[in-house]
Each structure stands twice: as structure tokens, then as C-alpha cells.
Amino acid sequence: MRLPLITPADLTEQQKPLYEDMKAGIASNFNVFKTVDADGALIGPWNPWLHEPVIGKAVWELTKAMTAQATLDDKPRQIAILVCGAHFDAAYEIYAHIAVAEHEQMSPQRLSELCANIKPRDLSAQESVAYDVAFALVNGGVLPEPCYRLAVDTFGQHGTNELIYLVGLYALVSMTLNGFNVPVPERE
Numbered sequence: 069m070r071l072p073l074i075t076p077a078d079l080t081e082q083q084k085p086l087y088e089d090m091k092a093g094i095a096s097n098f099n100v101f102k103t104v105d106a107d108g109a110l111i112g113p114w115n116p117w118l119h120e121p122v123i124g125k126a127v128w129e130l131t132k133a134m135t136a137q138a139t140l141d142d143k144p145r146q147i148a149i150l151v152c153g154a155h156f157d158a159a160y161e162i163y164a165h166i167a168v169a170e171h172e173q174m175s176p177q178r179l180s181e182l183c184a185n186i187k188p189r190d191l192s193a194q195e196s197v198a199y200d201v202a203f204a205l206v207n208g209g210v211l212p213e214p215c216y217r218l219a220v221d222t223f224g225q226h227g228t229n230e231l232i233y234l235v236g237l238y239a240l241v242s243m244t245l246n247g248f249n250v251p252v253p254e255r256e
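The sequence shown finishes on residue 256 if you use my numbering, and the numbering steps up by one all the way, no holes.
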């Protein structure tokens, strides 16, 4: 890890409110994987965001908005997030969202295929569209028209917008994790 963990005792006045807001949000939305170390320091992408609290607050606000305003079902969301994590080989993102997907009863076969950048054969129609959109976006260029139209037909315009923003957010999360070499905690 390239940035030291910031314990609650070491927080600056600018970091304290962000830490408290992130800790509360994490407890209510990201509670199926490890997010805090034994000293109370936030791990995962939250620690780097704390190091730059102005930027970190903006990213955290986007993360909260994408969570609070989610209209897509969680399984297609997790498919899209895992496509991003696998594409960028973002270890903590893969760790965290495998935990979420396991909590949602996704099969080990499906998770293995997603992590190997293979489209699982057992996806529902919505999950398949989420996979295709996420895969096309992380591989660069304009989202192909058939993928876009199918997403709009499947999720509506608002849901398609949400899916595109979600992929962008988790690409940013992946860059944060990879840029700062954020480690994966041991599975409990």
C-alpha cells in the first residue's frame, strides 16, 4: 500500500467529518466485507479518499448518490461492478463485490467466469445486458448502438444512464485501488 492508513486519532479537522460520513455510510451499505482495520482506520478506496478530503468527499458523494438512488436490481449492478473490477484487475474491488455477490447467492461458477473476463452462460436477460454494457465500456470507445438500444429497452433511459454512471464510478474506484496498491484483507 502506498498511502498509510489513517487511524481516527490521526485524522485532521478536514478529514474527521468525511471519515464519520464514510464510516456511517459503509456500515449501512457495505457491511458484507471488511472495510475497517483493528485500529478503526478505513481500508479499501476510502483510505486514499481520506488522504485528499476535498476530492475524496466528491467521490464519496457520488458513491452515496449511486447507492441511495439505485433503481437497477442489485444482481445486474454487481455484474457490472465485477466486470469493471476484473477488467482493471482491481483486487480489493473484486474481493468486496464477490462478497456482495455471494451474499446474493451468485454461484461460484458465475463468479469465477466474471473474474476471468468470461461472460457467464447463466445470466438473466437483465444481467446479460448489464454485462454487455459494462464490458463494452471498460474496453473503450463509444458504447455500440445495439448495446445502448438494448439497455434502454431493458432498463429504460434512467436505468441505462445509471448503468453507464455505475461503470464510470467503478472504473474510478478501480483506478484508486490500483494506483495506491490497496491490499485485500484476509477473508474471514
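Yeah, the Cβ is synthetic: ideal placement off N, Cα and C, and Gly gets one too. Computed from a predicted model, the values in this text were never measured in an experiment.
By Cβ distance below 6 Å, which residues in the same chain neighbour residue i in space, the five residues on each side in sequence not counted?
i, result
"Gln82", "Pro121"
"Thr135", "Asn97"
"Ala164", "Phe101"
For residue i, which three-state DSSP category applies?
i, result
"Leu110", "strand"
"Val290", "With the chain covering only 69 through 256, there is no way to say anything about residue 290."
"Val100", "coil"
"Met90", "helix"
"Pro76", "helix"
"Gln83", "helix"
"Ala200", "Note on residue identity: the sequence assigns Asp, not Ala, to residue 200. Correct three-state label for Asp200: helix."
"Leu71", "coil"
What distance in whole Å lies between the Cβ atoms of residue j and residue i, which are believed to be in contact at a cut-off of 8 Å?
i, j, result
"Leu182", "Leu150", "4 Å"
"Leu237", "Ala198", "No, Leu237 and Ala198 are not in contact; Cβ-Cβ is about 14 Å, not under 8 Å."
"Leu71", "Asn115", "6 Å"
"Ala167", "Val206", "About 21 Å separates the two Cβ atoms, so there is no contact after all."
"Ala148", "Val201", "7 Å"
Excluding the five sequence neighbours on either side, which residues of its own chain have a C-beta within less than 8 Å of the C-beta of residue i, listed in chain order?
i, result
"Ala204", "Leu211, Pro212, Cys215"
For residue i, which residues in the same chain have their Cβ closer than 7 Å to its Cβ, ignoring the five residues on either side in sequence?
i, result
"Asp107", "Thr75"
"His171", "Val100"
"Arg178", "Pro188, Asp190"
"Asp105", "Leu73, Ile111"
"Thr131", "Leu237"
Residue i and residue j: beta carbons closer than 8 Å?
i, j, result
"Ala169", "Gln146", "yes"
"Ala159", "Val235", "no"
"Ile161", "Ser242", "Checking the displayed sequence, the identity of residue 161 turns out to be Glu instead of Ile. Yes, the Cβ-Cβ distance between Glu161 and Ser242 is below 8 Å."
"Leu79", "Gly124", "no"
"Pro144", "Val250", "no"
message: For a minimum of 3 consecutive residues, which ranges assigned as the beta strand (DSSP E) are wholly contained in the region 207-244?
response: none
query: Which full runs of the alpha helix (DSSP H) of 4+ residues lie inside the region 114-197, going along the chain?
result: 114-119, 121-136, 142-156, 159-171, 176-183
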